[in-house]
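Right, one structure below, let's go through it.
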Amino acid sequence: MPAERAGYTVSMFLVDVSSTMAEKRTIELPPGPDGELRTTEITNLEWALRYVKYKVQEMIFHGRKTDQCGVYLFGSEVTNNLVNKKQGGYDHIQEYIKIGTPNIGTLAKIDEITTSDLSGDRNKKTWTRKIFLITDGERPIEIEDWQDIVNSMLTNDVRLTVVGIDFDDEEGGYVYPEKSFHKKANEDFFKEFVDAMGDNGVLGTLEFALQEVVRPEPKQVKSTPVPTVLRIGDPDYKPDEAMTITVRATKCTALVRPASLKKYALREITEEDMAVDEDEERKAIFKQLKMRTEYYVDRNAGGDDEDENVKMEDDEDEGLLLEGSAGPVEKKNKEENWERIEKEELVKGFKYGTTYAPCPDGQFPKLQTVKGIDIMGFFPSKNFRRELSMGEVTYIWPGTNAPDQLALSSLIQAMYNSQKYAIARWVLRDNSDPKMGVLAPCVWDNIDCLLWVRMPFADDVRKYVFGSLDTLVNKKGEVVEEHPYLPTQEQQEAMDNWVDKMELGDAGDKDEEGNRMPWFDTSSSFNPAVHRIKQAIFHSAVVSDVTTDPLPPPHPELLTYFEPPKRVLKRSRDALEECKKVFAVKEVPKRTAKSKKDEHTHGLEEEDSILLLDAKKPAPPSRSQTLVQAESSSNVYAKGEPSTPHKKVEKTKPAANDDDSVTEDESGEEDYVLLDAKPKNAPLPTPARSVSPAPRSKGKQPSSSKSRDGDEDDEDAMDIDTGRAPGRIISSTYPLRDFKKNISQGDVVSKAVEDLGEVIKEVVMKPFTKRREDEMVECMRVLRGTCREEDEIDAWNAFITDLKKKCLSKPGNPKFWAKVQEVGGKELGLIGEKEAKRFGGTSQYTERQVEEFMA
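Reminder that position 770 of the sequence shown reads as 770 in the UniProt record's numbering, one-by-one numbering, no gaps.
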């Protein structure tokens, strides 16, 4: 079939509404919540109209005025068509919807089509004309002079698609049994008719057509050429050394975003609504929520400039939401702290460093720019950084003038042969903001053009410097050859082998010659968010009730690249296992959000001046802090007042060492740090002592064992010296207490087991740890019992095996291992098959291996 272009297309739908289309059929629905099969009954006409509505919705979704359609009904009780009015004939054919741009009303009118009890018998050359015929073929039709109709359709380049209900599908292997005489005769006629149409005719069954109509397809866009000029040099000051070429710009790619969703809320039923629906059940009436913005100022903030403390609120008709709050704030509390002001009293401010520069006019004076594309210079194409390209690509074509075409082609050929790109400055209109970008030459067989892509300004590029990955230097300036951070030759070879095995260039299907093709194809790759949302919108408009007819699963084409190819997975499995072994990879525990408790701030007096800091969320605003909320990239200020630097709350994080550190929890958030604003000499509360407290850090002074209120601190009091290494949730100061506390939460078991094992090994391997041997043995007892009950048997066996190896190595700690042997294998040894089976788990160790391990 000839290639289509976007727009300038007329699609005519011919729908059979004869009495046989009222027959009901059973169609399958998506499985239910428990996987049960579900079906529903609809008429053949309703089933056929789904195809029509899908095709019409596609036109509405694209929003092109040059995509038009119309609907004709044959077998109708009404006769209304142009041919019948002029010369008679063609009875029972109705022009139901005239040719025009479809809209929501078109879908509503299609829904009103019903069957009848009878059976039945435009022109702009630049438009592509299509006819869609949907029928069940159960009624006799007149086929006289059909060859003339074919010739007329071919002459006018009319394309025909016949969609038959329960027609045979030879490619799909579907043959409809027990056809009536009329149905078989009509199907044979349509096949002959379509064959005579050649590439302009298509015949298919409705079941297959409904599958194809929801297939994801990229939106075709016909870009309108934008005239502009391409300048080299300065034609105003040095016209002899400059050159101006007339060019046209069209889009090469267009950005597509998922359909935007609006917020709706249940509207309260008024007395007027109840009066209208007295005899009907109360209906749910939904109303779209509209955003409005209100501004408040805290004039009692205590800052140098009282008018700088401005706050912006967004309201969605359901109560005001204050900035930074998790829900609606009482209006009384808002009125006590903030005074509402009108937008006219504010001016925009742009951030400059730590200061906001007010802009009374809403924007600063614009540059005096001239429309056109100015080439600023050339550079080698190999230096182009693809990661800096900022979006859509645009074609730059020569104009209609022959000298301009020759000049631009010469420039493109010179850039192509010398492998150069150009830095260009594009101004769309006079006095508009300029855009910087790169022009790349593109040479084809019949035409030359430039490709434009926008690039960032130098001030917008952030450069982040990282340390070398393969070179380490110690404090003495010496290059370290061996280090845990440096990969070994064995690790490099294992990684190289794994990467080679994951090659996707030959992971696709075979071509005609039997060669493997690449797995990924951009032409068959689609954005799931765009097409799945579109499918949901279309389905909701096609069916009358989404509860009884839910949204079907995504089209298989949309899920093509969701899973890696099985061929590559199988080929790289051994290489992956080798990498795990060489790198000693361990499973990463599931990240869980840390529960925030109120006891951190409960009971604190206002004069205590406690500052609560969080790693992710900013500190709550106080009266001495500045609150400014910006619209887009700007901020608001009271008129007539100069801008002042804003006060910022600095985040505080104690330095980490072996025995005293504050670390991030599993969700990536840091632990809370309570900083006292009292003088530095004020005594700090002393934490409760554990069985064997960690040694006090240098420079720490002894403090009182009483808290500020005079009560002794218990184990839940905040520890000043936690001994928690970065990335762990178990401290070396109170390992058993921390372990039990995390296990009680139930969602960080794997992480707690891993961290406690590491803490035990670190403590045991340190010198002078004899005083903590009993504590470590007790930790091991609890750890083993937890691993046995929480299906972490492999983690325990790996831990105890590694502990034995370290204790018996040099320098090691053989005395501690002797103590473990005294306790016995039933309490601290390996967990064997028999013991693991009692707790519903598995183990790789036999009972004999368990006994030999502790010998």
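For each residue, glycine too, the CB sits at the ideal point set by N, CA and C.
Span separating the alpha-carbon of residue i from that of residue j
i	j	result
residue 371	residue 63	30 Å
residue 359	residue 253	36 Å
residue 584	residue 457	44 Å
residue 365	residue 432	11 Å
residue 236	residue 341	51 Å
residue 150	residue 442	43 Å
residue 18	residue 75	5 Å
residue 14	residue 168	20 Å
residue 552	residue 30	5 Å
residue 251	residue 453	11 Å
residue 481	residue 839	47 Å
residue 160	residue 132	6 Å
residue 614	residue 494	Residue confidence for residue 614 is low, a pLDDT of 37 falling below 50, so the modelled location carries little weight; the figure read from the coordinates is stated next. Near 41 Å, if we compare the C-alpha coordinates of residue 494 and residue 614.
residue 56	residue 91	26 Å
residue 354	residue 234	39 Å
residue 157	residue 101	21 Å
residue 428	residue 373	8 Å
residue 108	residue 413	56 Å
residue 66	residue 538	21 Å
residue 244	residue 444	23 Å
residue 128	residue 52	18 Å
residue 229	residue 219	29 Å
residue 516	residue 208	29 Å
residue 812	residue 773	14 Å
residue 224	residue 50	33 Å
residue 206	residue 543	17 Å
residue 361	residue 293	20 Å
residue 741	residue 807	28 Å
residue 789	residue 732	24 Å
Cβ-based burial, residue i [other Cβ within 10 Å; buried from 16]
i	result
residue 48	buried
residue 483	exposed
residue 872	Since the displayed the chain opens at 1 and closes at 855, residue 872 lies outside it and no answer follows.
residue 103	exposed
residue 200	buried
residue 785	exposed
residue 855	exposed
residue 446	exposed
residue 106	buried
residue 792	buried
residue 177	exposed
residue 162	buried
Identity of the residue in the options nearest residue i by Cα
i	options	result
residue 69	78, 76 and 97	97
residue 491	581, 345, 290 and 726	581
residue 93	86, 113, 101 and 72	72
residue 290	56, 261 and 402	261
residue 889	796, 375, 501 and 778	Outside the shown range of the chain, which is 1 to 855, sits residue 889, and nothing can be said about it.
residue 193	830, 147, 221 and 486	147
residue 248	749, 288, 771 and 448	448
residue 155	180, 197 and 570	197
residue 12	833, 46, 830 and 59	59
residue 824	781, 349 and 23	781
residue 26	33, 45 and 8	45
residue 346	296, 476 and 508	296
Proximity test, residue i beta-carbon vs the ligand SAH heavy atom, cut-off 7 Å
i	result
residue 416	The ligand SAH is not part of this structure, which contains no ligands at all.
Neighbour flag for residue i against chain D, beta carbons, 8 Å
i	result
residue 88	Absent here is chain D; the protein component of the structure consists of one chain.
Report yes or no: do the stretch 372 to 384 and the stretch 403 to 419 share at least 3 C-beta pairs separated by less than 8 Å?
Because the criterion of three Cβ pairs below 8 Å is met, the stretch 372 to 384 and the stretch 403 to 419 touch.
Segments assigned beta strand (DSSP E), at least 3 residues, entirely inside the stretch 242 to 271:
Counting only runs of 3 or more residues that sit fully inside the stretch 242 to 271, the beta strand (DSSP E) segments are 243 to 251 and 264 to 266, in chain order.
Specify whether the stretch 179 to 193 and the stretch 130 to 141 touch according to this definition: at least 3 beta carbon pairs, one from each stretch, less than 8 Å apart.
Result yes; three or more Cβ-Cβ pairs closer than 8 Å.
Let me know the beta strand (DSSP E) ranges lying completely inside the stretch 3 to 34, each 3 residues or longer, listed in chain order.
Those beta strand (DSSP E) runs which fall completely within the stretch 3 to 34 and span 3+ residues are 9 to 16 and 24 to 29.
What alpha helix (DSSP H) runs, 4 residues minimum, are completely inside the stretch 480 to 540?
For the alpha helix (DSSP H) assignment, the uninterrupted runs of no fewer than 4 residues enclosed by the stretch 480 to 540 are, from N- to C-terminal side, 489 to 501.
Is there contact between the stretch 27 to 42 and the stretch 78 to 90, where contact requires at least three CB pairs shorter than 8 Å?
They do not touch, by the three-pair rule.
Report the start-end ranges of each beta strand (DSSP E) in the stretch 41 to 117 that is 3 residues or longer and not cut off at the edges.
Segments of the beta strand (DSSP E) lying fully in the stretch 41 to 117: 67 to 74 and 93 to 100.
So, does the stretch 391 to 400 touch the stretch 460 to 480, judging by three or more C-beta pairs under 8 Å?
Below 8 Å, too few C-beta pairs join the stretch 391 to 400 and the stretch 460 to 480 to call them touching: fewer than three.
Report yes or no: do the stretch 238 to 250 and the stretch 537 to 552 share at least 3 C-beta pairs separated by less than 8 Å?
No, they do not touch.
In the UniProt domain "Ku" (338 to 472), which residue ranges form an unbroken alpha helix (DSSP H) of at least 4 residues, counting only runs that do not cross its ends?
The alpha helix (DSSP H) runs lying completely inside the UniProt domain "Ku" (338 to 472) and spanning 4 residues or more are 402 to 418, given in chain order.
Specify whether the stretch 797 to 814 and the stretch 755 to 772 touch according to this definition: at least 3 beta carbon pairs, one from each stretch, less than 8 Å apart.
Segments in contact, yes.
Assess, as a yes-or-no matter, whether the stretch 214 to 234 is touched by the stretch 551 to 570 under the definition of 3 or more beta carbon pairs within less than 8 Å.
The stretch 551 to 570, when compared against the stretch 214 to 234, does touch it at the 8 Å Cβ threshold.
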